[in-house]
Amino acid sequence: MTDATARSFVFPPAPLIYAAALVLSALAVASGARVSGVGTTHLDYTNPLVSRDLLFDDASGGSILIKDAHSGELIDTIVPGNDGFVRAVMRVIARERLIAGGAKTTPFTLTRWDNGRLTISDPANGKKTELVGFGASNEQAFAKLLPNVSREP
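Residue numbers (my numbering): 190 to 342.
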């Protein structure tokens with residue numbers, strides 16, 4: 190065996206130390222921000238203007254029936270190919286509910302707040318989804334389900 194083959198490559202320790210320090214400092218900053226709330230947005234929801242409890246039932250042909258949870262009144266029917274935003278949001282929220290162990294029969298609550306925001310919430314798991322972040326036309330798809338309310342925020 191010669192000297193050239195017996196030598197092994199030794200990686201300098203300085204870059205590894207710097208990389209580890211970078212990773213640890215990033216974790217410390219992220220953890221500190223999460224605990225302290227720095228960089229988060231807190232929206233106040235204090236005064237609901239109008240609210241409605243809704244049930245979403247699957248119907249034949251892939252349609253979804255939207256009913257008032259208290260009166261049983263049929264509010265709207267979403268047929269396949271229409272109102273894709275409402276369909277997609279409700280599938281995600283319903284899936285989260287099932288994963289959390291919530292009942293299918295618990296209604297969802299759609300609320301217009303005094304600050305103009307529109308939310309859909311799931312009382313089964315306490316999650317609230319603000320709909321304005323998806324754009325005005327998508328928000329309107331839900332706003333039409335509320336009774337006697339202006340379509341503009």
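Ideal Cβ placement from N, Cα and C applies to all residues, glycine included.
Given the structure is predicted, the values throughout are model-derived calculations rather than measurements.
| Check | Outcome |
| --- | --- |
| Three-state class that DSSP yields for residue 310 in the structure shown | strand |
| Coarse secondary structure for residue 262, derived from DSSP in three states | coil |
| Assigned secondary structure, residue 198 (DSSP; H/G/I helix, E/B strand, else coil) | coil |
| For residue 239, three-class secondary structure by DSSP | strand |
| Proximal residues to residue 222 (C-beta, below 7 Å), its chain only, five neighbours per side dropped | 228 |
| Element boundaries [alpha helix (DSSP H), containing residue 323] | No alpha helix (DSSP H) holds residue 323; DSSP gives it neither H nor E. |
| Beta-carbon gap between residue 335 and residue 241 smaller than 8 Å | yes |
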